[in-house]
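Using this note's numbering, you'd call the opening residue of the sequence shown number 3 and step up by one each time. Heads up, the beta-carbon is just placed ideally off N, CA and C, and yes, glycines get one too. These figures come from a predicted structure and were not determined experimentally.
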Amino acid sequence: MSAMNSAMNKAMNKAMNIANARNFMHEWVANPALRHHMETVAACMGAYADIVAPTERERWMLAGLMHDLDWERHPTQAEHPRVGVAFLRDHGVDDEVLHAIMAHAPYTGTLRDTAMARHLFAVDELAGFIVACAKVRPDGLATLEPASVRKKLKNVAFAAAVSREDIATGIAELGVGEDEHIARCINAIRAI
Ligand SMILES: [Fe+2]
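1) For the stretch 36-46 against the stretch 69-78, are there 3 or more C-beta pairs whose distance is under 8 Å?
2) Does the beta-carbon of R186 have 16 or more other beta-carbons within 10 angstroms, so that it is buried, or is it exposed?
3) Which whole-angstrom value describes the C-beta separation of L146 and I188, a residue pair presumed to lie in contact below a C-beta threshold of 8 Å?
4) With C-beta atoms as the reference, is G172 less than 8 Å away from L128?
5) Express the C-alpha separation of I184 and A23 in angstroms, rounding to a whole number.
6) Rounded to whole angstroms, what is the Cα-Cα separation between N157 and R166?
7) With burial defined as no fewer than 16 other Cβ atoms inside 10 Å of the residue's Cβ, what is the status of L155: buried or exposed?
8) Tell me the rounded alpha-carbon separation between P148 and D181.
9) Cβ atoms of C46 and I169: under 8 Å apart, would you say?
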């Protein structure tokens, strides 16, 4: 039986591509802003995969595209992202992607002990913050620079729900420069 399950999972895993993941995401998430958030996180993950894990690009993007799959229906810490992860496991998504999704929520206690997990955590809050910055600019993302994002990060009243601590922790864990990280994410989001 378990051999059969494993074979089925492998077959489904093959089928889990960006298009399928997007369909699931649209099934679970009605809010356009949350859909957009997951697209932006997927774009940032793709940009980092190009540098860190080029052959893994699609899986890194899948982690981004599905990390808040259950947020709209199951926003409590008891359920998010466990419910989404259980669903994705049943649909053949592999353990590394599931692990990264679990680890993006620090309260799950899941360690960010893979590159994919560290990058997902590092781009999640920042992607949301960049979108918030773009919203208050007449030309949106077009001329947004890292320095302007940094300035807004220091303004605690702006997009107050975004954790500055998580952003700083994410950057430290990647070992990248703050401006480099912000610029990479701006460019990735701009591209979509
Ligand atoms: Fe998120």
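According to the structure data:
1) yes
2) Position 184 of the sequence shown, counted from the start, is the residue given in the question as residue 186. R186 counts as buried, since at least 16 other C-beta atoms from the protein chains shown sit within 10 angstroms of its C-beta.
3) In the sequence shown, counting from the first residue as 1, residue 146 sits at position 144. In the sequence shown, counting from the first residue as 1, residue 188 sits at position 186. Yes, L146 and I188 are in contact; Cβ-Cβ is about 6 Å, under 8 Å.
4) Your numbering for residue 172 matches position 170 in the sequence shown. Your numbering for residue 128 matches position 126 in the sequence shown. Going by C-beta atoms, G172 is nearer than 8 Å to L128.
5) Here residue 23 refers to the residue found at position 21 when the sequence shown is read from its first residue. Here residue 184 refers to the residue found at position 182 when the sequence shown is read from its first residue. Distance between the alpha carbons of A23 and I184: 26 Å.
6) As a working mapping, residue 157 is identified with position 155 in the sequence shown. As a working mapping, residue 166 is identified with position 164 in the sequence shown. Distance between the alpha carbons of N157 and R166 is about 10 Å.
7) On the sequence shown, residue 155 is found 153 positions in, with the first residue counted as 1. Under this definition L155 is a buried residue.
8) In the sequence shown, counting from the first residue as 1, residue 148 sits at position 146. In the sequence shown, counting from the first residue as 1, residue 181 sits at position 179. The alpha-carbon atoms of P148 and D181 are separated by roughly 5 Å.
9) Residue numbering aside, residue 169 sits at position 167 when the sequence shown is read from its first letter. Residue numbering aside, residue 46 sits at position 44 when the sequence shown is read from its first letter. Cβ distance not < 8 Å, so I169 and C46 don't count as in contact.
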